[in-house]
Amino acid sequence: MTKGNSLEKDLSLLINNQKYSDLEILCEDEKKLYGCRAILAARSEVFDRLLYNGMKESYETKISFPKINSAGMKIVLEYTYTGSIKIESLTKDNIIEAFYAADYFQLPDLQDFIMNTFKNTLEKNCDENYSPELLSKLAGNMPFTEDNILLNLLVETVAIIPLNTIEFGRLSITGLRYLLSCTHEKETPFATSEYEVFRYGAILAAKKVSNEAYNTLMEQLPTLEQIQENPVQTKNKIIADHQKVAKELEPLVKLIDFRRIKGQILVNIIEPLGITPIEIILNVYRYNMLSFNSDLNDTRGIPFNYVYDESACGSNLIIEDNGTVVYAPNDSISYKSVSAKVALENKGVFEWDVIIEKSCTSAAVGVCTSENFNYETWAGYQTTGWVLSSEGKSVTSNAWLGYCPLFGDGTKITVHLDMNKRTCAFTVNGTKYPEVSAWNNLPSKLYPVVSLECPGRFRIQPHKKKN
Numbered sequence: 021m022t023k024g025n026s027l028e029k030d031l032s033l034l035i036n037n038q039k040y041s042d043l044e045i046l047c048e049d050e051k052k053l054y055g056c057r058a059i060l061a062a063r064s065e066v067f068d069r070l071l072y073n074g075m076k077e078s079y080e081t082k083i084s085f086p087k088i089n090s091a092g093m094k095i096v097l098e099y100t101y102t103g104s105i106k107i108e109s110l111t112k113d114n115i116i117e118a119f120y121a122a123d124y125f126q127l128p129d130l131q132d133f134i135m136n137t138f139k140n141t142l143e144k145n146c147d148e149n150y151s152p153e154l155l156s157k158l159a160g161n162m163p164f165t166e167d168n169i170l171l172n173l174l175v176e177t178v179a180i181i182p183l184n185t186i187e188f189g190r191l192s193i194t195g196l197r198y199l200l201s202c203t204h205e206k207e208t209p210f211a212t213s214e215y216e217v218f219r220y221g222a223i224l225a226a227k228k229v230s231n232e233a234y235n236t237l238m239e240q241l242p243t244l245e246q247i248q249e250n251p252v253q254t255k256n257k258i259i260a261d262h263q264k265v266a267k268e269l270e271p272l273v274k275l276i277d278f279r280r281i282k283g284q285i286l287v288n289i290i291e292p293l294g295i296t297p298i299e300i301i302l303n304v305y306r307y308n309m310l311s312f313n314s315d316l317n318d319t320r321g322i323p324f325n326y327v328y329d330e331s332a333c334g335s336n337l338i339i340e341d342n343g344t345v346v347y348a349p350n351d352s353i354s355y356k357s358v359s360a361k362v363a364l365e366n367k368g369v370f371e372w373d374v375i376i377e378k379s380c381t382s383a384a385v386g387v388c389t390s391e392n393f394n395y396e397t398w399a400g401y402q403t404t405g406w407v408l409s410s411e412g413k414s415v416t417s418n419a420w421l422g423y424c425p426l427f428g429d430g431t432k433i434t435v436h437l438d439m440n441k442r443t444c445a446f447t448v449n450g451t452k453y454p455e456v457s458a459w460n461n462l463p464s465k466l467y468p469v470v471s472l473e474c475p476g477r478f479r480i481q482p483h484k485k486k487n
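Numbering (the numbering used here), first residue to last: 21 to 487.
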């Protein structure tokens, strides 16, 4: 490469190059890297204080960083020498170490770059979300602080992934504790019911103890979906090392709100396991006896932010009531569509309600993609829209199939979007209908959508399951 044409390229030749370096850097993993003390000090106040403090470090040719991994240090060197980072330099294997190193050396611009790269990766690769692994790694490497921006982003990302879709081994028990501590009694979006939180934590705890304990709990702790499909039956198989499992589970138990779990499940499934302190179970029983009208949902935090998106809305439609209501004014003479702000991706089952406060001809409720979708026309006409019409038909690509009876003013529709199977079903006025058979391979990222004309008025809201 010809030198002198690009300062950035010329300086990149110096990165970790022993020939041009006067400092040996010893990292946590005992690997050696090389740097130029003048460049490092000029680019980082931390390096400046360490290397030019008038003490022995100012004259030695070696410096140790026992808490900085070489993977993170390489990113710091690339940034300090060139002022930038190649996108391909950051991977899921080094992004936590890089962020920690950037924080240690007080390089906020590098931290911002790492954050933006991570966000962009999540948006582009919704089917390959490695946030659980990163949260686990972060939990093991960095102290908990509420102002840790990467921790907060990881918690937000993992919180909206149903835990029962995260394979055991991807999220560590320490990572789960981070997640639960950040969301405990907080008004933040969360996708997992409290029973499924307990189930996931208990199985993780058992997995740390022994394979036998793990296999037993996998058998004795059915998923909530399995419980709903089959009557709850008491199982009394003894758990191997149940006291050890209880000990591993103890830090998580304090962060689980057992009041959100149905009494029948507590009595028939959780209490017989003997891994939850009896005083916690008794306190829940007392609460249930005294709280006849408890409004606790079965899931912590707040449901997804189901509000209509003004930037994804057909002309003339009016959004009001903090984004929860959309209506077509009197001068609206054709169908328009609007989607909600929340993106439904990854795995899990997502549910929300749409109330038809005022119906119109061919009112429509369903889902759409953000790409190649035209908000100036009816969703069901399009290949990127899948809706239930007020004529009782499921419609996509203008293909109409019978599904349910006609509906009108006052109808409450619950949309059940199963991203595990990429299917969709609807409940209309309390009657749940089967999955739409023709929609058996929906896209991996969808948005709630409605289509209406005058005098249509629709309200969207989270679907809450009561205990």
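Yeah, the Cβ is synthetic: ideal placement off N, Cα and C, and Gly gets one too.
Residues of its chain near residue i, where Cβ-Cβ distance is below 8 Å and the 5 sequence neighbours each way are ignored
i, result
"L275", "R197, L200, S201, H204"
"E28", "T102, G103, S104"
"E65", "Q126"
"Y453", "Y423, C424, A445, F446, T447"
"N418", "G400, Y401"
Sequence-distant residues of its chain with Cβ nearer than 6 Å to residue i (five each side left out)
i, result
"V415", "G400, V407, S409"
"L170", "F119"
"D438", "V369"
"A61", "F67, D68, L71, Y72"
"T346", "Inspection of the sequence shows that residue 346 is occupied by Val rather than by Thr. Y328, L337, I339, V358, F478."
"K367", "T185, M439, N440"
"N461", "R442"
Own chain, CB closer than 7 Å to residue i, minus 5 neighbours either side, in chain order
i, result
"D277", "E214, R320"
"K206", "G321"
"I116", "L154, K157, L158, N161"
"S354", "E473"
"E330", "I339"
"E291", "I301"
"N37", "Y54"
"R123", "Looking at the sequence shown, residue 123 is not Arg but Asp. Contacts found: Q131."
"I35", "L97, E98, Y101"
"I247", "I285"
"R279", "V304, Y307, L316"
"A385", "The residue you asked about is not Ala; residue 385 is Val in the sequence shown. So the list reads V374, V407, L408, I433, V435, V470, once near-sequence residues are dropped."
"F188", "I223, L224, K227"
"L244", "S213, Y215, E216"
"G334", "K356, S357, V358, Y395, E396"
Cβ distance (whole Å) where residue i is taken to contact residue j below 8 Å
i, j, result
"R57", "L43", "5 Å"
"D429", "I376", "6 Å"
"I181", "A226", "The pair is not a contact, with the Cβ atoms about 22 Å apart (cut-off 8 Å)."
"S85", "M93", "The amino acid at residue 85 is misidentified as Ser; the sequence shows Phe. Yes, F85 and M93 are in contact; Cβ-Cβ is about 7 Å, under 8 Å."
"L174", "S151", "6 Å"
"A458", "L426", "With 8 Å as the limit, A458 and L426 do not qualify as a contact, their Cβ atoms being about 20 Å apart."
"I289", "L241", "7 Å"
"V435", "W372", "6 Å"
"T344", "R479", "6 Å"
"Y467", "S390", "6 Å"
"L183", "Y220", "4 Å"
"P475", "C380", "6 Å"
DSSP state of residue i mapped onto helix, strand, coil
i, result
"L199", "helix"
"F188", "strand"
"D147", "In this prediction, D147 has a pLDDT of 49, which is less than 50 and means its spatial position is unreliable; nothing more can be read from the coordinates."
"K157", "helix"
"Q481", "strand"
"H436", "strand"
"E65", "helix"
"T271", "Just to set this straight, residue 271 is Pro in the shown sequence, not Thr. Correct three-state label for P271: helix."
"K413", "strand"
"T141", "helix"
"V470", "strand"
"F210", "coil"
"S331", "strand"
"D30", "helix"
Residue from the options with nearest C-alpha to residue i
i, options, result
"V304", "I116, T137, I285", "I285"
"N235", "I259, E216, T434, K87", "I259"
"C388", "S359, W372, E365", "S359"
"V469", "P209, E48, T208, N394", "N394"
"D261", "P271, V287, N231", "N231"
"K356", "L34, D373, S390, T397", "T397"
"S90", "T22, K51, K112", "K51"
"D113", "Y99, I95, T100", "I95"
"P463", "N440, V229, D318, E187", "N440"
"E176", "N460, F324, S311", "F324"
"K106", "P128, I134, G195", "I134"
"V265", "V287, L293, E249", "L293"
"I186", "V217, T208, N172", "V217"
"A332", "L237, N392, R190", "N392"
Can you give, in chain order, each stretch of the alpha helix (DSSP H) that sits fully within the region 80-146 and has at least 4 residues? As far as the region 80-146 is concerned, its whole alpha helix (DSSP H) runs of at least 4 residues are 90-102, 115-124, 128-144.
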